[in-house]
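A short write-up of the structure that comes next.
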Amino acid sequence: MEVTIAKREKIKIPILVTGASGSGKTVSSLLIAKGIVEKMYPDLPSEDQWLKIAVIDTEHNRAKYYADSEIGGSQVGEFLHADFKPPYNASELSIGISQLKEKGVEVIILDSLTHMWSGDGGIQNQVDNLNKYSSKNSMLAWGKVKPEIEKLFKLITDSSVFMICTARSKAGYDMEKNEAGKVIPVKIGLKPEIRDGWEYEFAINFNINQDHSAEAIKDNTNMFNDFGVINEETGHRIYEWSSQGIDMNKKRNELISRIEELAKTNELRTVKFKGVYGALNKEPLNEWPYSYLVTMVAELEKLPDEGPVQETARETEEGNAFAHAQR
27 MEVTIAKREK IKIPILVTGA SGSGKTVSSL LIAKGIVEKM YPDLPSEDQW LKIAVIDTEH
87 NRAKYYADSE IGGSQVGEFL HADFKPPYNA SELSIGISQL KEKGVEVIIL DSLTHMWSGD
147 GGIQNQVDNL NKYSSKNSML AWGKVKPEIE KLFKLITDSS VFMICTARSK AGYDMEKNEA
207 GKVIPVKIGL KPEIRDGWEY EFAINFNINQ DHSAEAIKDN TNMFNDFGVI NEETGHRIYE
267 WSSQGIDMNK KRNELISRIE ELAKTNELRT VKFKGVYGAL NKEPLNEWPY SYLVTMVAEL
327 EKLPDEGPVQ ETARETEEGN AFAHAQR
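Residue numbers for the sequence shown, in our numbering: 27 to 353.
Okay, here's the thing in structure tokens:
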């Protein structure tokens, strides 16, 4: 357990937008994205700002319906679009996200997370298939798909881009007596069609009603306390809140550059780095935990500028020691 002084960090937060069919989840997500990019790139022309936004679409290309159109007084431009076909699993999603990042996208909308849960190849589908061919306890099936769930949310909560996920909701009803004593159905809320608890992985969860007004049913930013219509201003506020604090991506990149620089200065540091790199299964530096990067810099800096080394033995010994210490 590493104990440090808590400091506010810049982070590109994950956002969940839920609502029944027709409530406006996709358009609302596009407007949030546009507001974020407007603040991020204020000098870009509007058409170029829209090209910083992409939709990964599981809904039969429905997101395209809204391109280059005016909706509710807001102009939706031409954004990047990726048609996501089954299987809806984390590996396929990862490929799409990587391709969009390479194109310079800053906000990715996954429309929708529901398919990652119950669609062809989704989590529930994988569990059902495992149970179909096995008579063992269903908990074993959930254990087998746990790494898939972890991979999915690592993608969603990766702070290198803003991720906005939509999820369909269905109404829940209960039977209650009205003032006249008659038992009538009463809507008790909207439940998103995702696994219970997934909504807690997001910093903000907007739920949109059929009149298109939104309520933040979860909000770590404490900015959205009332019902309101989502528009570009919502994205402005989210970006401004997210941009406060230390830029951890910048600090990570600085540490990675320092490690690469030090590892080339002499044989001793090269061998030290190779040992650690091998002990950590040759994971790329940009996937190392931040604390590993900090420790690696410190370890390389304290080595002398020159010195004798027995390469094979030292690589294994030093690398395993470092990896064990981090765990």
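For each residue, glycine too, the CB sits at the ideal point set by N, CA and C.
Nothing here was measured: the structure is a model prediction, and the numbers come from that model.
Neighbourhood of residue i by C-beta, 6 Å cutoff - its chain only, sequence neighbours within 5 removed
| i | result |
| --- | --- |
| Leu139 | Cys191, Ala193 and Ile220 |
| Ile182 | Pro40 and Met189 |
| Leu136 | Ile82 and Cys191 |
| Thr289 | This sequence places Ala at residue 289; Thr is not what is there. Excluding residues within five positions, the ones whose Cβ falls inside 6 Å are Arg295, Thr296 and Phe299. |
| Phe250 | Ala242 |
| Lys36 | Ser269, Gly271 and Asp273 |
| His262 | Gly61 and Lys65 |
| Thr338 | Bear in mind that the predicted position of Thr338 carries a pLDDT of just 44, short of 50, making it too unreliable to give a figure here. |
Under 8 Å between C-beta atoms of residue i and residue j
| i | j | result |
| --- | --- | --- |
| Val43 | Ile234 | yes |
| Lys78 | Tyr92 | no |
| Val187 | Lys276 | no |
| Leu326 | Phe299 | yes |
| Asn292 | Glu332 | yes |
| Ile123 | Thr260 | no |
| Val171 | Ile149 | yes |
| Ser55 | Gly103 | no |
| Gln236 | Gly48 | yes |
| Ser100 | Glu227 | no |
Residue i classed as buried or exposed, judged by whether at least 16 other C-beta atoms fall within 10 angstroms
| i | result |
| --- | --- |
| Leu13 | For residue 13 there is no data in the structure shown, the boundaries of the chain being 27 and 353. |
| Ala89 | buried |
| Met201 | exposed |
| Pro211 | exposed |
| Thr30 | exposed |
| Lys33 | exposed |
| Ala206 | exposed |
| Ala324 | exposed |
| Lys51 | buried |
| Gly169 | exposed |
| Tyr303 | buried |
Sequence-distant residues of its chain with Cβ nearer than 8 Å to residue i (five each side left out)
| i | result |
| --- | --- |
| Gln125 | Ala108 |
| Ser120 | Lys177 and Leu181 |
| Asn157 | Ser164 and Ala167 |
| Pro330 | Leu294 |
Coil, strand or helix - residue i by DSSP
| i | result |
| --- | --- |
| Glu355 | This structure cannot settle anything about residue 355, because the visible part of the chain is limited to 27 through 353. |
| Glu73 | helix |
| Ile272 | strand |
| His86 | coil |
| Pro211 | strand |
| Met201 | strand |
| Gly45 | strand |
| Glu241 | strand |
| Phe232 | strand |
| Thr52 | helix |
| Gly254 | strand |
| Glu104 | coil |
| Val81 | strand |
| Asp365 | Residue 365 is absent from the structure shown; the chain starts at 27 and stops at 353. |
| Lys127 | helix |
Residue from the options with nearest C-alpha to residue i
| i | options | result |
| --- | --- | --- |
| Lys111 | Leu178, Glu85, Ser283 and Ala89 | Glu85 |
| Asn246 | Val255, Gly148 and Lys38 | Lys38 |
| Phe105 | Glu118, Gly122 and Ile134 | Ile134 |
| Val255 | Lys328, Glu241 and Asp273 | Glu241 |
| Ile285 | Glu309, Lys172, Met322 and Met249 | Met322 |
| Tyr265 | Lys60, Asn231 and Gly50 | Lys60 |
| Pro218 | Ser144, Phe253, Ala324 and Trp314 | Ser144 |
| Phe179 | Gly223, Phe232, Ser55 and Gly98 | Gly223 |
| Ala229 | Arg278, Gly207, Ser185 and Pro113 | Ser185 |
| Ser117 | Gly207, Pro173 and Tyr159 | Pro173 |
| Asn115 | Gly48, His141, Trp314 and Glu64 | His141 |
| Leu319 | Val53, Arg278 and His238 | Arg278 |
| Ser195 | Asn155, Leu216 and Glu227 | Leu216 |
| Gly45 | Leu70, Glu225 and Gln75 | Glu225 |
Close beta carbons around residue i, own chain, < 7 Å, minus the five adjacent residues each side
| i | result |
| --- | --- |
| Asn248 | none |
| Pro10 | Lying outside 27 to 353, the shown extent of the chain, residue 10 is not represented and no answer is given. |
| Trp267 | Thr247 and Met249 |
| Asn204 | Ile210 |
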